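A short write-up of the structure that comes next.
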Amino acid sequence: MHTVSIGNWALLIEDGSLPRIYDAYVKHAAFVDQVKPITPEGRTLFLGVYQGGGTHRWPEIVIVNRYEDARGTFHPGFLVVPETSILFIGAGEQLLGYDIERRERIFEDHTNFGFWCWTRQEDYVLMSAELEFGVWRKTGEKLWSVFVEPPWSFNVSGENVELDIMGQLKIFRLETGAPVLTNVS
């Protein structure tokens with residue numbers, strides 16, 4: 200099991216199986232979310248969340264999810280926004296958001312084919328996936344997303360995000376997703 204500390208929060212992560220003491224984690228947790236899988240196949244992702252930084256305690260939150268692993272191509276990713284206590288999780292095609300201070304799931308979303316990673320850009324959280332780029336507020340509200348096709352990459356420049364999709368540059372307003380300039384080579 201891996202432990203990651205972010206701000207005043209710690210994440211216990213087990214990818215591929217449940218921890219041996221899973222029942223004890225569930226017993227001590229104030230909030231348990233066993234996410235309904237998109238498909239019954241795949242890998243099990245266990246996530247325990249507790250407040251207190253480096254001191255190991257029983258997790259206050261236990262999240263269990265099953266996701267398709269696409270033969271090891273896509274891996275789970277996590278992002279915690281310390282000042283809002285919002286936890287973003289991506290695994291396989293499933294995207295989840297939690298208010299870990301209030302101990303509740305605040306969103307469940309889906310991306311086609313496979314999640315890559317979360318990236319923080321000031322007040323925004325950016326989601327990269329095989330076929331989608333998306334933008335959320337740091338408070339967990341999804342603002343917009345757009346279809347992309349590999350190979351693709353992005354760069355944030357001020358209030359805009361530049362998407363290079365198969366060699367074509369498309370520019371969008373970060374907050375609204377409105378096109379600024381499209382099809383520039």
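Residues 200 to 384 in the numbering used here are what the sequence shown lists, from first letter to last.
Think of the CB as a built atom: it goes at the ideal place given N, C-alpha and C, for glycine as much as any other residue.
Since we're looking at a predicted model, the values are computed, not measured.
Within this structure, are the beta carbons of E292 and N311 separated by less than 9 Å? Translated into the one-based positions of the sequence shown, residue 292 becomes position 93. Translated into the one-based positions of the sequence shown, residue 311 becomes position 112. In contact: E292 and N311 (Cβ atoms closer than 9 Å).
Limits of the unbroken beta strand (DSSP E) element including D222: Counting from one through the sequence shown, the residue named residue 222 turns up at place 23. Here D222 belongs to no beta strand (DSSP E); instead the alpha helix (DSSP H) covers Y221 to H227.
Pull up the CB-CB distance for V248 and L286, whole angstroms please, since I reckon it's below 8 Å. Reading the sequence shown from its first residue, position 49 is the one you call residue 248. Reading the sequence shown from its first residue, position 87 is the one you call residue 286. Between L286 and V248 the Cβ distance is about 7 Å, and since that is below 8 Å, they are a contact.
Do F314 and P349 have their CB atoms nearer than 9 Å? Taking the sequence shown and counting its residues from 1, the one referred to as residue 314 is at position 115. Taking the sequence shown and counting its residues from 1, the one referred to as residue 349 is at position 150. No, these two residues do not count as a Cβ contact at 9 Å.
Please return the same chain residues whose Cβ sits closer than 7 Å to the Cβ of D363, not counting the five positions on each side in sequence. For the purposes of this step, residue 363 is identified with residue 164 of the sequence shown, where counting begins at 1. Here D363 has W351 and S352 as same chain residues with Cβ atoms under 7 Å from its own Cβ, once five neighbours each way along the sequence are excluded.
Comparing C-alpha positions only, which one of G339, P236, V279 and S284 sits nearest to E267? Here residue 267 refers to the residue found at position 68 when the sequence shown is read from its first residue. Checking every option, the nearest Cα to that of E267 belongs to P236.
Let me know the secondary structure DSSP gives G333 once reduced to three states. The count along the sequence shown starts at 1 and reaches residue 333 at position 134. Shown here, G333 sits in a strand according to DSSP, grouped into three states.
Can you tell me where the beta strand (DSSP E) with S216 in it begins and where it stops? For the purposes of this step, residue 216 is taken as the residue at position 17 of the sequence shown. No beta strand (DSSP E) contains S216, which DSSP labels as neither H nor E.
Could you spell out where the beta strand (DSSP E) holding D308 opens and where it closes? On the sequence shown, residue 308 is found 109 positions in, with the first residue counted as 1. Counting along the chain, the beta strand (DSSP E) containing D308 begins and ends at E303 to H309.
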